[in-house]
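K.L.:
Structure provided below as structure tokens; questions to follow.
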Amino acid sequence: MAEKVMPVRLPWSSALESEFEQAGFTPLIVSELVELGQVWRFDSLKVVIRAEGSELVWMATLGEGTKEHAHHVLMIAKRAGAQTMRFHIDDDERAILRFWRKYKPAPIHGDEGFGAGAYRIELEALDESFT
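Now the structure itself:
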């Protein structure tokens with residue numbers, strides 16, 4: 019696991035919005051990220067998240083270092099009271115599931131109103147030594 023870094027919350031700006039658009043996020047998606055999410059920087063990694071009750075929603079990632087910092091992000095969420103983390107992937111992003119496999123993501127079925135590609139990770143079993 020990477021050396022722990024202090025996460026820094028970044029304010030949304032036109033330059034940051036432009037970074038996401040240049041990385042391939044559509045203007046509509048960027049608008050949703052700005053409206054609903056907070057951007058946190060871990061070294062060169064930017065993660066857009068939001069809280070929904072006791073669930074952390076991982077909305078978007080930009081930059082490098084997801085593998086090195088994901089556990090740290092999840093532990094911060096757990097310490098802040100989150101019980102689960104949810105993420106959504108499109109069909110062309112299914113390879114991302116291999117990355118999350120060690121956290122045992124479970125598909126969320128339609129009874130919660132999410133379409134295919136929604137997954138949830140239980141944070142209860144995580145601790146600092148889980149890698």
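149 is the number that our numbering gives the last residue of the sequence shown; the numbers go up by one with no jumps. Using N, Cα and C, we set each Cβ at its ideal position, and we do this for glycine too. Since we're looking at a predicted model, the values are computed, not measured.
Could you compute how far the alpha carbon of A98 sits from the alpha carbon of E37?
P.N.:
A direct Cα-to-Cα measurement between A98 and E37 gives close to 28 Å.
K.L.:
Taking the alpha helix (DSSP H) that A33 falls in, what are its first and last residues?
P.N.:
32–40
K.L.:
Starting from the Cα of V23, find the closest Cα among T84, I126, K120, G71 and give me that residue.
P.N.:
T84
K.L.:
What whole-angstrom Cβ distance do M103 and E73 have, given they're in contact under 8 Å?
P.N.:
7 Å
K.L.:
Which whole-angstrom value describes the C-beta separation of M77 and V91, a residue pair presumed to lie in contact below a C-beta threshold of 8 Å?
P.N.:
That belief does not hold up - the Cβ atoms of M77 and V91 are roughly 12 Å apart, past 8 Å.
K.L.:
Secondary structure at V48, three-state DSSP: helix, strand or coil?
P.N.:
helix
K.L.:
So the candidates are R59, S62, E130, L51; which of them puts its Cα closest to the Cα of R68?
P.N.:
L51
K.L.:
For T79, does the count of other Cβ atoms within 10 angstroms reach 16, so buried, or fall short, so exposed?
P.N.:
Buried, by the Cβ-count rule.
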